[in-house]
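See structure below.
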Amino acid sequence: MSANTPSNDTILEGVGLVKHFGGGGLLSSSTVVRAVDGVSLAVQSGETFAIVGESGCGKSTLGRLLLRLIEPTDGDVLYKGRSILGLNQRELRQLRRELQIIFQDPFASLNPRMSVGDIVAEPIWLHGLAKGSEKRERVTELLRTVGLLPAHADRYPHEFSGGQRQRIGIARALAGDPKLIIGDEPVSALDVSIQAQIINLLEDLKDRFGLTLVIVAHDLAVIRHMSDRVAVMYLGEIVELSETDALFDNPLHPYTQALLAAIPVPSPARRQPKALLQGDIPSPAAPPSGCRFHTRCPHARPVCRDQHPALETTPDGRKVACHFWREIQGAGAGSITAPPPSPALSKRLALYRTWRERQDTAVAPSP
Amino acid sequence: MAHEATLQHAREVGGSGQLSPSVEKPLLNVQGLSIRFDGTPKDINLVDDVSFSVGKGKTLCLVGESGCGKSVTALALMGLLPTPPARIVSGTAEFEGQDLLQLGERERADLRGDRMAMIFQEPMTSLNPAFTIGDQIAEGIVRHRKVSKAEAMERALEMLRKVRIPAPEKRLRAYPHEMSGGMRQRVMIAMALANDPQLLIADEPTTALDVTIQAQILTLVKRLQEETGTAMIMITHDLGVVAEVADEVAVMYAGRVVETGPVEAIFEDPQHPYTIGLMGSVPSLGRREGRLATIRGTVPPVELMPKGCRFTPRCPFSDAKCANEPPPLGEIRPGHRARCWYAPLEEKRGAAA
């Protein structure tokens, strides 16, 4: 992974990660779901790394494996070069301070019986970072950081809207001074206008605290906007891993191409018939032989059914798992030509931003 | 077919009395629809003065964020809104020459699933898990047509073919849980279109689906629309989907239509500050161009709703006039309307520093 960015240091690394569910004990069903099946990746310090794929591709499982929230069936996770699988309770607790997660549904992940102040203070107390008035000050500061009011500390999660709840979740994740935060679909449950606020907040916090972000998501526009590198997953495997702009400008894997082609482009002038993927995603309990994408791939040939393609590195340092990526990349499918906003829209957006800034400086700042 | 002929006739008769005979009479014309819910402050309608129309065979997109009243509006049109707590305060909804809001329960039931049909976001909760797909499609056909069960099943099979479900004979006897989300949504569409409705209301039909499946469903809907000439109201929050399917767009905010017009006008020349903010909030698919423009804050709760324009507290351009006087849905260009005192913004808000 570090081939194209040798100077950067790897903060978190997954090595041959495998997670199978089921098939275990006497009472569990005999079908084995191969949620994650041999994934290796390395997250560089300070970058925003995105993991993208459709439901059931194993992206959330991978996110949890990277934090050791679930134990892998096989493989290893290295944090700063050291395996986190062998850590004891005390060491693991220290690790949890540095690696944090934000969940998709901000309501389900906040304890409804705890006040917001207690929710945010819990990691501070747990790690013994501060006590008494110092702790309260820290909570106040955290709430301000994420754009909430200090008075909100006495309220309960149900009193907040979805966007505000996500802010609470972020404040809690920040409480232990983390080095890396994994966001598991952090904005997909939110309305568009709120989503933009949270995206901006995450980016501000990343700059301010020098965080590394791993974003697990399905929304490709959000990923293009936020991330430096992207890993595309299909049925438990990484099929392509590349710098964001390169991936969107010239997708190599046919699945990436199909994924990009399927995004509705927000410009009515660009309507055109699309080359669509046929059929549904096969079950991860019985993935197809050979290349797992061959059942839906428009370029599939006999060899794809029999031979599993390795994740090979291209001359320009990208990674792709396809027997025929060299031929396919010229097919022209996929790459998105996003239309520039119309002159009228650009003009009004500029006007909107100007007035918005003026409003922010006039009133109390709000992210 | 017979229905279409009658409708054609009705339209010609109705159309002759219009001021401009060249303009086709819309299939559905909603004017000044206001809906109130029991338990909310008296003077505030959750859906307030909503007007739009849908032409025959055309697609109107109702766009807005959660709680803006787009689904409530659709349910009111379908006659599926429970009273109490919902009360229709005022307005008309003319569909094929009759006011939907004046019809009795029996007449509404005759229309539903026949002349107008609806599909929902989550196909699993709208299908009955205890009956086969075939039974559920046939049920609606038997209810509205004088046909035998066997004929209805035949029609159900034809519908499954129409929505491109593989192995339709087998699927006819399948139960909803045996199908994927995308297939279930196809079944819902088959069910909705079984009686050749004139109007299909689709409430976030692809929101729960993956992006590749969403593309399949949108393409299918478009193709079916071309085949059958059904008009559609698509409710969505996804501007990408709007750009793909809409002919006309109505942007809703906090229960009011704030901007309406042809899809090109809305995307190329948006007028209302909310529409502009919404466009700025969506990350572009192109190379990154700095931070997203955001709309500050959240929708105020009902009891704090401003008297005037409901977007006032979040609008960068707002002033005291906005807070106190509700702006009219003024025409900017023919067919393009915006509910803002200061539209077009560059004229009325451009020079001021």
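One line per chain: the protein sequences are A and B, in this order.
Count along the first sequence from 1, add 36, and you get the number used in this note's numbering.
Count along the second sequence from 1, add 377, and you get the number used in this note's numbering.
C-beta: ideal position from N, C-alpha, C; glycine also.
CB contact flag (residue i, residue j, <7 Å)
{"i": "B:Pro660", "j": "A:Ala305", "result": "no"}
{"i": "B:Cys438", "j": "B:Val619", "result": "yes"}
{"i": "A:Val79", "j": "A:Ile120", "result": "no"}
{"i": "B:Leu549", "j": "B:Gly511", "result": "yes"}
{"i": "B:Lys447", "j": "B:Ile612", "result": "yes"}
{"i": "A:Gly272", "j": "A:Asp110", "result": "no"}
{"i": "B:Ile590", "j": "B:Ala451", "result": "no"}
{"i": "B:Leu405", "j": "B:Val431", "result": "yes"}
{"i": "B:Pro693", "j": "A:Arg129", "result": "no"}
{"i": "A:Ile274", "j": "A:Val266", "result": "no"}
{"i": "B:Ala569", "j": "B:Ile496", "result": "yes"}
{"i": "A:Ile138", "j": "A:Ile230", "result": "no"}
{"i": "A:Val113", "j": "A:Leu123", "result": "no"}
{"i": "A:Thr331", "j": "A:Ser81", "result": "no"}
{"i": "A:Pro186", "j": "A:Pro148", "result": "no"}
{"i": "B:Pro574", "j": "B:Arg561", "result": "no"}
{"i": "B:Ile566", "j": "B:Val588", "result": "no"}
{"i": "A:Ala225", "j": "A:Ile160", "result": "no"}
{"i": "A:Gln136", "j": "A:Ala209", "result": "yes"}
{"i": "B:Met536", "j": "B:Ala571", "result": "yes"}
{"i": "A:Val339", "j": "A:Lys95", "result": "no"}
{"i": "B:Arg716", "j": "B:Pro704", "result": "yes"}
{"i": "B:Val731", "j": "B:Val424", "result": "Nothing can be reported for residue 731 of chain B, as the shown portion of chain B is limited to 378 through 730."}
{"i": "B:Ala617", "j": "A:Pro302", "result": "The sequence shown places Gly at residue 617 of chain B, not Ala. Taking 7 Å as the Cβ cut-off, B:Gly617 and A:Pro302 qualify as a contacting pair."}
{"i": "A:Phe143", "j": "A:Arg201", "result": "yes"}
Neighbourhood of residue i by C-beta distance below 7 Å, restricted to the same chain and skipping five residues each side
{"i": "B:Lys419", "result": "none"}
{"i": "B:Ile421", "result": "Val679, Met682"}
{"i": "B:Lys599", "result": "Val622"}
{"i": "B:Phe644", "result": "Ala620"}
{"i": "B:Ala529", "result": "Ala515, Ile518, Val519"}
{"i": "A:Arg174", "result": "Ile160, Ala166"}
Beta-carbon proximity list for residue i, same chain, < 6 Å, skipping 5 on both sides
{"i": "B:Phe688", "result": "Tyr630, Tyr651"}
{"i": "A:Cys358", "result": "His289, Pro345"}
{"i": "A:Met37", "result": "Model confidence at A:Met37 stands at a pLDDT of 38, short of 50, so the residue's coordinates are unreliable and nothing is read from them."}
{"i": "A:Ser169", "result": "none"}
{"i": "A:Tyr115", "result": "Leu48"}
{"i": "B:Phe472", "result": "Leu405"}
{"i": "A:Leu53", "result": "Val72, Val75, Leu101, Pro108, Gly111"}
{"i": "B:Glu499", "result": "Ala585"}
{"i": "A:Lys355", "result": "Leu277, Leu347, Thr349"}
Cut-off 8 Å between Cβ atoms - residues of its own chain near residue i, not counting five sequence neighbours on either side
{"i": "B:Ala720", "result": "Gln648, His649, Gly707, Ile709"}
{"i": "B:Gly409", "result": "Asp426, Val427, Ser428, Ser467, Gly468, Thr469"}
{"i": "A:Arg337", "result": "His359, Phe360"}
{"i": "A:Phe57", "result": "Val68, Val69, Ala71"}
Compile a chain-ordered list of the residues in the region 281-293 of chain A whose CB is closer than 8 Å to at least one CB of chain B. Contact annotation: in the region 281-293 of chain A, residues whose CB is within less than 8 Å of a CB in chain B are Asp281, Phe284.
- prompt: Any chance the region 264-281 of chain A sits against the region 84-91 of chain A, with 3 or more Cβ pairs inside 8 Å?
  reply: Of all C-beta pairs linking the region 264-281 of chain A to the region 84-91 of chain A, three or more are shorter than 8 Å, placing the two stretches in contact.
What residues in the region 74-92 of chain A bring their beta carbon closer than 7 Å to a beta carbon of chain B?
Going along the region 74-92 of chain A in chain order, one finds Glu90, Ser91 with a Cβ nearer than 7 Å to chain B.
Worksheet item: Looking at chain A, which residues of the region 579-599 of chain B have a Cβ within less than 8 Å of any of its Cβ atoms?
Response: Identification of residues in the region 579-599 of chain B having a C-beta nearer than 8 Å to some C-beta of chain A yields Asp587, Val588, Thr589, Ile590, Gln591, Ala592, Gln593, Leu595, Thr596, given in sequence order.
Runs of 3 residues minimum, wholly inside the region 560-626 of chain B: which ones carry the beta strand (DSSP E) assignment? Counting whole runs of 3 or more residues, the region 560-626 of chain B contains the beta strand (DSSP E) stretches 576-580, 608-613.
- Query: What runs of the alpha helix (DSSP H), each 4 residues or longer, lie entirely inside the region 311-374 of chain A?
  - Reply: Here the runs fully enclosed are 338-342, 361-364.
What are the residues of the region 229-244 of chain A that lie near chain B, defined by any Cβ-Cβ distance shorter than 8 Å?
Correct list: Ser229, Ile230, Gln231, Ala232, Gln233, Ile235, Asn236, Glu239.
Fill in: Every unbroken alpha helix (DSSP H) within the region 238-323 of chain A, with a cutoff of 4 residues, ordered by chain
List check, alpha helix (DSSP H) in window: 256-262, 280-285, 290-298.
- In the region 294-305 of chain A, which residues sit with their C-beta less than 8 Å from some C-beta in chain B, listed in chain order? Residues of the region 294-305 of chain A whose Cβ lies closer than 8 Å to any Cβ of chain B, in chain order: Ala294, Leu295, Ala297, Ala298, Ile299, Pro300, Val301, Pro302, Ser303, Pro304, Ala305.
Residues of the region 246-275 of chain A with a CB closer than 9 Å to any CB of chain B: list them in chain order, please.
Listed by position, the residues of the region 246-275 of chain A near chain B (Cβ gap below 9 Å) are His254, Asp255, Leu256, Ala257, Val258, Ile259, Arg260, His261, Met262.
Within 9 Å of chain A by C-beta, residues of the region 605-623 of chain B in sequence order | Going along the region 605-623 of chain B in chain order, one finds His614, Asp615, Leu616, Gly617, Val618, Val619, Ala620, Glu621, Val622, Ala623 with a Cβ nearer than 9 Å to chain A.
If contact is defined by three or more beta carbon pairs under 8 Å, each pair taking one atom from either stretch, is the region 472-481 of chain B in contact with the region 654-673 of chain B?
With a cut-off of 8 Å, the region 472-481 of chain B and the region 654-673 of chain B do not count as touching, because too few Cβ pairs lie within range.
Positions along the region 659-670 of chain B whose CB lies within less than 8 Å of some CB in chain A:
Residues Val659, Pro660, Ser661, Leu662, Gly663, Arg664, Arg665, Arg668, Leu669, Ala670.
Q.
At 3 residues or longer, what runs of the beta strand (DSSP E) sit wholly inside the region 441-500 of chain B?
A. Runs of the beta strand (DSSP E) spanning 3 or more residues and lying entirely within the region 441-500 of chain B occur at 463-472, 493-496, in chain order.
key: Segment contact, 8 Å Cβ cut-off, at least three pairs: the region 536-545 of chain B with the region 572-586 of chain B   = Not touching, per the Cβ criterion.
- Query: Per the contact definition of three or more C-beta pairs closer than 8 Å, is the region 292-312 of chain A in contact with the region 697-707 of chain B?
  - Reply: No, they do not touch.
ask   = Which residues, taken in chain order from the region 628-648 of chain B, show a beta carbon closer than 7 Å to some beta carbon of chain A?
value = Those residues of the region 628-648 of chain B that come within reach of chain A (Cβ to Cβ, closer than 7 Å) are Val640, Glu641, Phe644, Glu645, Asp646, Pro647.
* To do: Please determine if the region 312-327 of chain A and the region 233-248 of chain A are in contact, where contact requires at least 3 C-beta pairs separated by less than 8 Å.
  => No contact exists between the region 312-327 of chain A and the region 233-248 of chain A.
Looking at chain B, which residues of the region 186-202 of chain A have a Cβ within less than 7 Å of any of its Cβ atoms? Going along the region 186-202 of chain A in chain order, one finds Ser197, Gly199 with a Cβ nearer than 7 Å to chain B.
Taking 8 Å as the threshold, find out whether the region 215-232 of chain A comes into contact with the region 158-173 of chain A through three or more Cβ pairs. Short answer: they don't touch.
- Minimum length 4: unbroken alpha helix (DSSP H) runs contained in the region 149-173 of chain A: Here the runs fully enclosed are 152-162.
Members of the region 546-566 of chain B that neighbour chain A once the beta carbon cut-off is set at 8 Å
Going along the region 546-566 of chain B in chain order, one finds Ser557, Gly559, Met560 with a Cβ nearer than 8 Å to chain A.
Subject >> Against chain A: residues of the region 427-456 of chain B by CB proximity under 8 Å >> reply: Going along the region 427-456 of chain B in chain order, one finds Glu442, Ser443 with a Cβ nearer than 8 Å to chain A.
Could you name the residues of the region 123-148 of chain A whose beta carbon sits closer than 8 Å to any beta carbon of chain B, in the order they occur along the chain?
-> Listed by position, the residues of the region 123-148 of chain A near chain B (Cβ gap below 8 Å) amount to none.
Near-chain A residues of the region 681-710 of chain B - C-beta to any C-beta below 7 Å:
Close to chain A, meaning a Cβ-Cβ distance shorter than 7 Å, are the following residues of the region 681-710 of chain B: Pro693, Phe694.
Of all the residues that make up the region 501-524 of chain B, which are near chain A by a beta-carbon distance shorter than 7 Å? Here the close residues number zero.
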